[in-house]
Amino acid sequence: MAFANQDDVERLHELLEAARSVVIFTGAGISTESGIPDFRSPGGLWTKYKPIDFSDFMASEEMRRESWRRKFAMDRTMTTAEPNRGHRAVARLVDTGKVSAVITQNVDGLHQASGVPDMQVIELHGNATYAKCLGCGLRHELDPIKEAFLADETMPICTGCGSEFMKTATISFGQSMPEEEMARAQRETLACDLFIAIGSSLVVYPAAGFPVMAKQNGSGMVILNREPTDLDQYADLVINGEIGPTLGDAVAVN
Ligand code: NAD
Ligand code: ZN
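The numbering of the sequence shown is my numbering, which starts it at 33 and goes up by one.
Below is the structure:
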């Protein structure tokens, strides 16, 4: 485990003090300390499961079945996960009024669970803690779907419109991005004077376009990640360290 250099933590603290309006951008790395594996680290989800593309999900009942199998095999990790020090530090910054929005690629709901108001969390890749009908958009809770699926692999059907195209409320590879969230994320990115990307390998586009957009618009940009990213050259400060201890120290949160 690599701890951030104290000078870097101090510099982050100073940048936060000087900023008027901060946008926090997070990826799977902020949730690994809560026990949720990320995609690309060794042992991460990517190495176990190749993601199911949206077109395959739509084309094949077997793929839809497989996606529910995976979901419920993984579900305990996600339903029992709790926010960690990194989430708490972000929540504290939001609480002080410095942070206008938390743009996240995560689907685990842990920013909201740590106390960031719903209105200030922009979920670019949706949310895996509930399901949505692709036909009519109706929200469905997972518990009844899970019970029926685990009993005998009964596939869910929408109680609103009868569609069999039910999916966790996440955005899959190949699925179009949510328009409203993308527009809000862009507005917030263009309005901030400090943009901090935390725990993302910054390779999944269009989400990874936001840090560069902020920088090109004249904002400060910080990257906090355990390992280097392709966008490090655009950052004013790159901190390679663990998220919880680094942010916790920079914001004085335990
Ligand atoms: P990623 O797995 O590509 O990158 C995560 C990065 O975080 C890696 O570079 C890793 O080195 C770093 N990291 C991991 N733990 C860290 C720690 N404790 N301290 C510092 N750095 C740490 O994740 P991504 O960029 O978010 O892209 C993956 C996509 O997969 C996302 O779009 C998301 O939708 C989805 N996903 C979400 C979750 C979740 O909701 N928690 C989990 C896995 C994947
Ligand atoms: Zn429906």
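We put the beta carbon where it would ideally sit given N, CA and C, even for glycine.
Check: Cut-off 7 Å between Cβ atoms - residues of its own chain near Asp88, not counting five sequence neighbours on either side; Outcome: Met95
Check: Residues that DSSP places opposite Phe227 in a beta bridge; Outcome: Val55, Met253
Check: Where Val235 falls: helix, strand or coil (DSSP); Outcome: coil
Check: Span separating the alpha-carbon of Arg72 from that of Ser233; Outcome: 8 Å
Check: C-alpha distance - Val139 paired with Glu213, whole-angstrom precision; Outcome: 14 Å
Check: Rounded distance between the beta-carbons of Phe242 and Ile135, thought under 8 Å; Outcome: 6 Å
Check: Per DSSP, the bridge partner or partners of Thr200; Outcome: Ala163
Check: Per-residue burial, Asp24 [other beta carbons within 10 Å of its own, 16 or more giving buried]; Outcome: There is simply no residue 24 to check, as the chain begins at 33 and stops at 286 in what is shown.
Check: Rounded straight-line distance, which links the Cα of His45 to that of Met110; Outcome: 31 Å
Check: DSSP beta-bridge partners of Ile271; Outcome: Leu256
Check: For Val235 and Ala133, believed in contact at Cβ under 8 Å, the rounded distance; Outcome: Wrong, their Cβ atoms sit about 22 Å apart, outside the cutoff.
Check: Inter-residue Cα distance where the pair is Arg120 and Glu98; Outcome: 34 Å
Check: Contact check, Glu49 vs Gly118, beta carbons under 8 Å; Outcome: no
Check: Leu170 CB to nearest heavy atom of the ligand ZN below 7 Å; Outcome: yes
Check: Option nearest Pro176 by Cα separation, candidates Gly167, Tyr162, Cys168; Outcome: Tyr162
Check: Classification of Asp184 by the beta-carbon crowding that lies within 10 angstroms, buried from 16 upward; Outcome: exposed
Check: Straight-line gap, Gly67 to Phe227 (C-alpha atoms, nearest Å); Outcome: 26 Å
Check: Sequence-distant residues of its chain with Cβ nearer than 7 Å to Asn116 (five each side left out); Outcome: Glu65, Ser66, Gly276
Check: The beta strand (DSSP E) enclosing Thr136, as first and last residue numbers; Outcome: 131-136
Check: Boundaries (first-last residue) of the beta strand (DSSP E) holding Glu185; Outcome: Unbroken run through Glu185: none, as it is neither H nor E.
Check: Beta-bridge partners of Val153, as assigned by DSSP; Outcome: Val134
Check: Reduced DSSP category for Arg72 - H, G, I as helix; E, B as strand; rest coil; Outcome: coil
Check: Closest by C-alpha distance to Arg258, when choosing among Gly273, Asn159, Leu222; Outcome: Gly273
Check: One or two residues paired with Arg171 in a DSSP bridge; Outcome: Lys164
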